[in-house]
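> Below are the structure tokens for one structure; questions will follow.
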Amino acid sequence: MNLHVETQGSGEPLLLIHGWGMHGGMWSRVVAQLAATHRVYSVDLPGHGLSTTSAPYHLDALVEQLSARFDEPLTVCGWSLGGQLALRWAQLYPAQVEKLVLVATTPCFVQREEWSSAMAADTLQEFAASLLQNHALTLRRFLALQVRGSEQERELLADLRTQLFSRGEPDTAALTGGLEILRDTDLREILPQVRQPALLLAGERDTLTPLAAMQYMKQALPNARLQAIKGAAHAPFLSHHDEFVQAVMDFMKK
């Protein structure tokens, strides 16, 4: 398995982990600013972008691959699925993860008993079924959900569509495995064990990972603070990149 990682800048290390179906290039708008003061790594998860895939494709296996790739303490910034990876990594290998930045992240992506701040299980199952029929169309539909309600929604959607396949199409097995992670993962019980300082960056208008889910994490994590970005949906680092960068840099200074 070849894990593609790009590095820019120097200083305290910061790793950026993308969400489902995407790749590390999605961070390009903020990397240059963050790299002015930090050594910024952006990774393509297995089966995405320029990284090859490997089996099995589940949460802990991906964490193991990331842990083996980086041999220094890091601030880990994860977006959506990437945030779930970051949380699990921080719990399993606390010496490796010094701080967490969780962007549009939820401990549990699908609705369950006593957990309504999430996507309906039937909706995710429809995505999984349509993925087998036409994965490119399914990914484009998912992009539309990510920007729904955001300021400059149309421009953001066009930008995401341009970037989506700029590093080639993701591996179908990786896409299916990623949806299974989103369907099966429930990290609520481990949150009290994640003691690293954590910055939670939420989009006020996010319909995929509602603000209420991040408010729950704010209460459950021992050392977290929450910042909701007004006018943003599921990708605040794209729609409100200056505000995102400032929040991350202020957090890393402390």
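Numbering of the sequence shown is given in the numbering used here, commencing with residue 20 and proceeding in unit increments.
Where is the CB? At the ideal position from N, CA and C, for every residue including glycine.
1. Is the Cβ-Cβ distance between Ser29 and Gly43 less than 7 Å?
2. How do the region 195-214 and the region 178-187 stand: do at least 3 beta-carbon pairs fall below 8 Å, yes or no?
3. Provide the residue span of the beta strand (DSSP E) that contains Tyr60, from first to last.
4. Would you say Gly102 and His37 are within 7 Å of each other, going by their C-beta atoms?
5. What does Ser185 pair with, by DSSP beta-bridge criteria?
6. Quick check: the Cα distance between Leu156 and Thr72, rounded to an integer number of angstroms?
7. Quick check: is any heavy atom of the ligand ATP less than 6 Å from the C-beta of Arg224?
8. Would you call the region 216-234 and the region 190-204 touching, i.e. three or more CB-CB distances under 8 Å?
9. Beta strand (DSSP E) containing Thr94: first to last residue?
10. Verify whether the separation of the beta carbon atoms of Ala137 and Phe146 is less than 7 Å.
11. So what does DSSP say about Thr228, is it helix, strand or coil?
12. For Arg107, is the classification buried or exposed, using 16 other Cβ atoms within 10 angstroms of its Cβ as the cut-off for buried?
13. Looking at the structure shown, is Lys272 part of a helix, part of a strand, or coil, going by DSSP?
14. Ends of the beta strand (DSSP E) at Leu81?
15. Since I believe Glu117 is in contact with Gln215 (beta carbons under 8 Å), could you give me their beta-carbon distance rounded to a whole number of angstroms?
16. Looking at Ala105 and Gly97, is the spacing between their C-beta atoms short of 7 Å?
Inspection of the coordinates gives the following:
1. Counting from 1 along the sequence shown, the entry for residue 29 is found at position 10. Counting from 1 along the sequence shown, the entry for residue 43 is found at position 24. Going by C-beta atoms, Ser29 is not nearer than 7 Å to Gly43.
2. Counting Cβ pairs under 8 Å, fewer than three are found: no touch.
3. In the sequence shown, counting from the first residue as 1, residue 60 sits at position 41. Tyr60 -> beta strand (DSSP E) spans His57 to Val62.
4. Counting from one through the sequence shown, the residue named residue 102 turns up at place 83. Counting from one through the sequence shown, the residue named residue 37 turns up at place 18. No, the pair does not count as a contact, with Cβ atoms beyond the cut-off.
5. One-based indexing of the sequence shown puts residue 185 at position 166. Looking at the DSSP assignment, Ser185 forms a beta bridge with Gly187.
6. The count along the sequence shown starts at 1 and reaches residue 156 at position 137. The count along the sequence shown starts at 1 and reaches residue 72 at position 53. For Leu156 and Thr72, the gap between their C-alpha atoms comes out near 21 Å.
7. No copy of the ligand ATP occurs in the structure displayed, which carries no ligand at all.
8. No, they do not touch.
9. Reading the sequence shown from its first residue, position 75 is the one you call residue 94. In the DSSP assignment, Thr94 falls within the unbroken beta strand (DSSP E) covering Leu93 to Trp98.
10. As a position in the sequence shown, residue 137 is number 118, starting the count at 1. As a position in the sequence shown, residue 146 is number 127, starting the count at 1. Between Ala137 and Phe146, the gap from beta carbon to beta carbon reaches 7 Å or more.
11. Translated into the one-based positions of the sequence shown, residue 228 becomes position 209. In the structure shown, Thr228 sits in coil (DSSP, three-state: anything other than H, G, I, E or B).
12. Taking the first residue of the sequence shown as position 1, residue 107 is located at position 88. Per the 10 Å Cβ criterion, buried.
13. Counting from 1 along the sequence shown, the entry for residue 272 is found at position 253. Helix, per DSSP.
14. Taking the sequence shown and counting its residues from 1, one reaches residue 81 at position 62. In the DSSP annotation of this structure, Leu81 is not part of any beta strand (DSSP E); the continuous alpha helix (DSSP H) holding it starts and ends at Leu78 to Arg88.
15. On the sequence shown, residue 215 is found 196 positions in, with the first residue counted as 1. On the sequence shown, residue 117 is found 98 positions in, with the first residue counted as 1. Yes, Gln215 and Glu117 are in contact; Cβ-Cβ is about 6 Å, under 8 Å.
16. By 1-based counting over the sequence shown, the position of residue 97 is 78. By 1-based counting over the sequence shown, the position of residue 105 is 86. It is a contact, given that the beta carbons lie within the stated cut-off.
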